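K.L.:
Residue 21 is where the sequence shown starts when you use the numbering used here, and the numbers rise one by one after that.
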Amino acid sequence: MAIKAQHEALFDDKIAADISIEAKDWMPDAYRQNLIRQIGQHAHSEVIGMLPEANWLTRAPTLRRKAVLLAKVQDEAGHGLYLYSAAETLGCSRQDIYQKMLDGKMKYSSIFNYPTLNWADVGVIGWLVDGAAIVNQVALCRASYGPYARAMVKICKEESFHQRQGYEAVMALANGSSAQRAMLQDAINRFWWPVLMMFGPSDSDSPHSAQSMAWKIKRHSNDELRQKFVDNTVPQLEALGMSAPDTDLRWDEATGHYRFGDIDWNELFQVIKGQGQCNHERLAAKRHAWQQGDWVREGAMAHAAKGNQAA
Ligand code: BYC
């Protein structure tokens, strides 16, 4: 057997036997590129995702809320760092993929292109956005690429805390005044559909799913994970005494799942294409931060070069 065919056969055997693919293992180029695409986008989502919540750091209602939110936003930066490191193990440069994000050539999650208009949005992000992220990321803990799967384990532990802090914050509002309850319902109404869109297009419109599932990068399809999230979340909504902005949402005894209404896919595709409410603002903030950080990078590189000379 030719060497390439031997490599391919070994790779296929490992995937079939659920043996992790590691950075130095042979892998098909398409597998490598697909991972750089997904992990890169995932890393960008973590760091862009800091912005909507950071918008409320200076206006958190109490010192305790501020301290918790600060810790959460810093965790998201950490998640970005684990993921950029995982992407680098595939041979791409962090600077290159980051620049592609700044240039609008690499995507990040659609959800971060919606504004955070009131304090309830911060709780709803923790509860629903991090809650959706956990459903997606728990499945990724079993992704076939070892460095990605291992990064996901630590990230999921932290996301779990984020989800609980979000739920605790929305519980306080749900048990508060009528104005607080109205603010919470308004936040749920604005975030509900965009959160369902986080799971990606429906399976029939998802170009990467079949191959990513065959390679066991994705273990469940976009629609399966979306359904799992709805099933998990509706009882939480009910416990809060709140509702989803979906008149078709109902329990289906026959399937043992909640049925929900049609998603506006046109909205998702517009947001992904850069036409969301905050796409320009988010990228402008990241470009500005990159420029402002130039002297820090220069200093760090000079320091590293000096250290290398001394060694
Ligand atoms: N938004 O074939 P498909 C967090 C793109 S951050 C934007 O289904 P795939 C947090 C997709 O990339 C956690 N783009 O793709 C942080 C593809 O585009 P390209 C975020 C989307 O990859 C701070 C095209 O549409 N989580 O928790 O098989 C504060 C076709 O889609 C979206 C992750 O990043 C979208 N919603 O499946 C708080 C999870 N959906 O590459 C919280 C990791 C689809 O062809 N990623 N696209 O140009 C994944 O699991 C998968 O990449 C997806 C999409 C399920 C998102």
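Even for Gly, the Cβ is constructed at its ideal location relative to N, Cα and C.
Model, not experiment: these values are computed from the prediction.
Mind checking whether the beta-carbon of E287 lies closer than 6 Å to any heavy atom of ligand 1?
P.N.:
No, the Cβ of E287 stays beyond 6 Å of every heavy atom of ligand 1.
K.L.:
Are the CB atoms of S65 and S129 within a distance shorter than 7 Å?
P.N.:
Cβ distance < 7 Å, so S129 and S65 count as in contact.
K.L.:
When the Cα of G281 is compared with those of D314, M217, P227, which residue comes out closest?
P.N.:
Ranking D314, M217, P227 by Cα distance to G281 puts M217 first.
K.L.:
What residue ranges within the region 220-270 form continuous alpha helix (DSSP H) runs of no fewer than 4 residues, ordered along the chain?
P.N.:
Whole alpha helix (DSSP H) segments, 4+ residues: 229-234, 242-260.
K.L.:
What I want to know is whether the C-beta of N156 ends up closer than 6 Å to one or more non-hydrogen atoms of ligand 1.
P.N.:
Yes, Cβ of N156 sits closer than 6 Å to a heavy atom of ligand 1.
K.L.:
Roughly how many angstroms lie between the CA atoms of P48 and K236, to the nearest whole one?
P.N.:
Approximately 14 Å between the Cα atoms of the pair.
K.L.:
Less than 6 Å separating the Cβ of E66 from some heavy atom of ligand 1?
P.N.:
Answer for E66: yes, Cβ within range of ligand 1.
K.L.:
Taking the beta strand (DSSP E) that Y278 belongs to, which residues open and close that run?
P.N.:
Counting along the chain, the beta strand (DSSP E) containing Y278 begins and ends at 277-279.
K.L.:
Could you check what DSSP says for D272 in three-state terms: helix, strand or coil?
P.N.:
Three-state result, D272: strand.
K.L.:
Do the CB positions of A74 and V144 come within less than 7 Å of each other?
P.N.:
Contact: no.
K.L.:
Around the Cβ of E318, are there at least 16 other Cβ atoms within 10 angstroms (buried) or fewer (exposed)?
P.N.:
E318 comes out exposed.
K.L.:
Applying the 10 Å Cβ sphere with the 16-neighbour rule, what's the burial state of I68?
P.N.:
Looking at its Cβ environment, which holds 16 or more other Cβ atoms inside 10 Å, I68 is buried.
K.L.:
Between the Cα of L334 and those of A97, I59, R85, L90, spot the shortest distance and give me the residue it belongs to.
P.N.:
Because the chain is modelled from 21 through 331, residue 334 falls outside the range shown and cannot be assessed.
K.L.:
Considering only residues of the same chain and omitting the five flanking positions on each side of M191, which have a CB-CB separation below 7 Å?
P.N.:
Result list for M191: L260, in chain order.
K.L.:
Hey, out of W147, M321, A36, G296, whose CA is closest to V250's CA?
P.N.:
Residue W147 is the option with its Cα nearest to V250.
K.L.:
Mind checking who I41 pairs with in its DSSP beta bridge?
P.N.:
DSSP output for I41 lists Y165 as bridge partner(s).
K.L.:
Where does the unbroken alpha helix (DSSP H) through D123 begin, and where does it stop?
P.N.:
Per DSSP, D123 belongs to no alpha helix (DSSP H) and is neither H nor E.
K.L.:
Is G69 near ligand 1, going by C-beta to nearest heavy atom under 6 Å?
P.N.:
At least one heavy atom of ligand 1 is nearer than 6 Å to the Cβ of G69, so yes.
K.L.:
Please name the residue, chosen from I39, L30, A25, Q53, that lies closest to H228 on a Cα-to-Cα basis.
P.N.:
Closest option to H228, Cα to Cα, is Q53.
K.L.:
Need the endpoints of the alpha helix (DSSP H) that D141 sits in, please.
P.N.:
It spans 139-144 - the alpha helix (DSSP H) in which D141 sits, taken as one unbroken run.
K.L.:
With a cut-off of 8 Å on the beta carbons, I'd call P167 and Q297 a contact; round off their distance for me.
P.N.:
Going by Cβ atoms, the distance from P167 to Q297 rounds to 34 Å, so no, they are not a contact pair.
K.L.:
Using a threshold of 7 Å, state whether the C-beta atoms of F219 and R246 are closer than that.
P.N.:
Cβ atoms of F219 and R246: closer than 7 Å.
K.L.:
If I measure Cβ to Cβ from A80 and keep anything under 7 Å in the same chain, skipping five residues before and after, which residues do I get?
P.N.:
K86, L89, listed in sequence order.
K.L.:
DSSP on D282, reduced to helix/strand/coil?
P.N.:
Three-state result, D282: coil.
K.L.:
Shorter than 6 Å, the distance from the beta carbon of P227 to the closest heavy atom of ligand 1, or not?
P.N.:
Yes; taking the cut-off as 6 Å, the Cβ of P227 has a heavy atom of ligand 1 nearer than that.
K.L.:
Considering only heavy atoms of ligand 1, does any lie closer than 6 Å to the CB of M218?
P.N.:
Under cutoff, so the answer is yes.
K.L.:
Applying the 10 Å Cβ sphere with the 16-neighbour rule, what's the burial state of S164?
P.N.:
S164 should be labelled buried.
K.L.:
Can the beta-carbon of E179 be found less than 7 Å from the beta-carbon of I154?
P.N.:
Yes, these two residues count as a Cβ contact at 7 Å.
K.L.:
Using beta-carbon positions only, say whether R270 and R162 come within less than 7 Å of one another.
P.N.:
No. Outside cutoff.
K.L.:
Can you say whether Q157 is buried or exposed, counting buried as having 16 or more other CB atoms within 10 angstroms of its CB?
P.N.:
Flag for Q157 reads buried.
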